[in-house]
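> Structure provided below as structure tokens; questions to follow.
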Amino acid sequence: MAKKKILICEDEPDMRGLLQSMIESADYDVITAEDGQKSLDLAIKERPDMILLDLVMPKLSGFEVLEKLRYEPATQEIPVIILSNLGQEKEVSKGKSLGAVDYLIKADVHLTEILDKISKYIDTKIETQEPIPESIIPIKPEDSDKDVSDSGPVQV
197 MAKKKILICE
207 DEPDMRGLLQ
217 SMIESADYDV
227 ITAEDGQKSL
237 DLAIKERPDM
247 ILLDLVMPKL
257 SGFEVLEKLR
267 YEPATQEIPV
277 IILSNLGQEK
287 EVSKGKSLGA
297 VDYLIKADVH
307 LTEILDKISK
317 YIDTKIETQE
327 PIPESIIPIK
337 PEDSDKDVSD
347 SGPVQV
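According to my numbering, the sequence shown is numbered sequentially starting from 197.
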């Protein structure tokens with residue numbers, strides 16, 4: 197049986213290395229990403245069994261990554277644990293509302309607790325959200341110069 201694969205999304209090299217060593221020692225395969233865009237790209241390409249996601253990262257924030265993961269058919273069922281220094285109630289609430297299975301604050305969590313949470317949630321499938329209807333998807337930058345004045349009524 198193949199090992200379960202964990203994607204660690206963490207921009208801080210020491211923390212990323214520590215998490216990788218600890219998780220590999222628990223007999224999981226690990227892939228890592230140091231910024232939000234690479235996190236999203238690897239999640240789509242590698243389809244890990246779980247994602248550990250920092251929130252403050254370059255290129256895309258963890259919140260942006262999580263939101264995109266939930267609307268991407270290839271990744272919307274992957275359980276995500278947020279592991280961040282941001283610990284205000286509004287961040288915790290936002291993370292959970294975007295579909296994180298858990299929210300751990302780095303300063304308050306022990307490394308063994310992270311492994312316990314991974315083992316608890318690794319086989320969890322996230323309830324998929326309805327895809328965003330094409331009619332309300334934001335305009336892409338390349339479409340921003342198109343004339344939409346004759347496009348018909350606006351759906352609200």
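From the three backbone atoms N, C-alpha and C, an ideal C-beta is built for every residue, glycine too.
(1) Put Met211 into one of helix, strand or coil per three-state DSSP.
(2) Return yes when the Cβ of Asp245 is within less than 8 Å of the Cβ of Ile202, no when it is not.
(3) By the 10 Å Cβ neighbour count, where 16 or more other Cβ atoms means buried, how is Leu279 classified, buried or exposed?
(4) Helix, strand or coil, according to DSSP, for Met246 in the structure here?
(5) Specify whether the segment 207 to 215 and the segment 226 to 234 touch according to this definition: at least 3 beta carbon pairs, one from each stretch, less than 8 Å apart.
(6) So within the segment 229 to 305, which uninterrupted beta strand (DSSP E) runs reach at least 3 residues, ignoring any that extend past its ends?
(7) Would you tell me roughly how many angstroms separate the C-alpha atoms of Arg212 and Leu248, rounded to the nearest one?
(8) Near Gly258, which residues of its chain fall below 6 Å by C-beta distance, leaving aside the five closest residues on each side in sequence?
(9) Excluding the 5 residues preceding and the 5 following Lys292 in the sequence, name in chain order all residues of the same chain whose CB lies nearer than 7 Å to its CB.
(10) Rounded to whole angstroms, what is the Cα-Cα separation between Ala270 and Leu215?
(11) If you draw a straight line from the alpha carbon of Lys199 to that of Gln284, how long is it in whole angstroms?
(12) So, at 6 Å on beta carbons, what are the nonlocal neighbours of Leu311 in its own chain, with the 5 sequence-adjacent residues on each side left out?
(13) Whole angstroms is fine: what's the gap from Val261's alpha carbon to Ser235's?
(14) Going by Cα to Cα distance, which pick from Asn281, Tyr224, Lys290 is closest to Ile318?
Looking at the atomic coordinates:
(1) Residue state, collapsed to three classes: helix.
(2) One thing to note: Ile202 has its Cβ within 8 Å of the Cβ of Asp245.
(3) With 16 or more other CB atoms across the displayed protein chains lying within 10 angstroms of its CB, Leu279 is buried.
(4) Three-state DSSP puts Met246 in a strand.
(5) With contact defined as three or more Cβ pairs closer than 8 Å, the segment 207 to 215 and the segment 226 to 234 are in contact.
(6) For the segment 229 to 305, whole beta strand (DSSP E) runs of length 3 or above, ordered along the chain, are 246 to 249, 276 to 280, 298 to 301.
(7) Distance between the alpha carbons of Arg212 and Leu248 is about 10 Å.
(8) Sequence-distant partners of Gly258 (beyond 5 residues in either direction) whose C-beta falls short of 6 Å from its own C-beta, in its chain, are Leu249, Asp250, Leu251.
(9) Counting only Cβ-Cβ distances below 7 Å, and skipping sequence neighbours, we find Tyr299.
(10) Between the alpha carbons of Ala270 and Leu215 lies a distance of about 25 Å.
(11) Each residue's Cα considered, the two are about 35 Å apart.
(12) Exclusion of the five residues before and after Leu311 leaves Ala222 as the residues of its chain whose Cβ lies within less than 6 Å of its Cβ.
(13) If you take the alpha carbons of Val261 and Ser235, they lie about 7 Å apart.
(14) Nearest of Asn281, Tyr224, Lys290 to Ile318, Cα basis: Tyr224.
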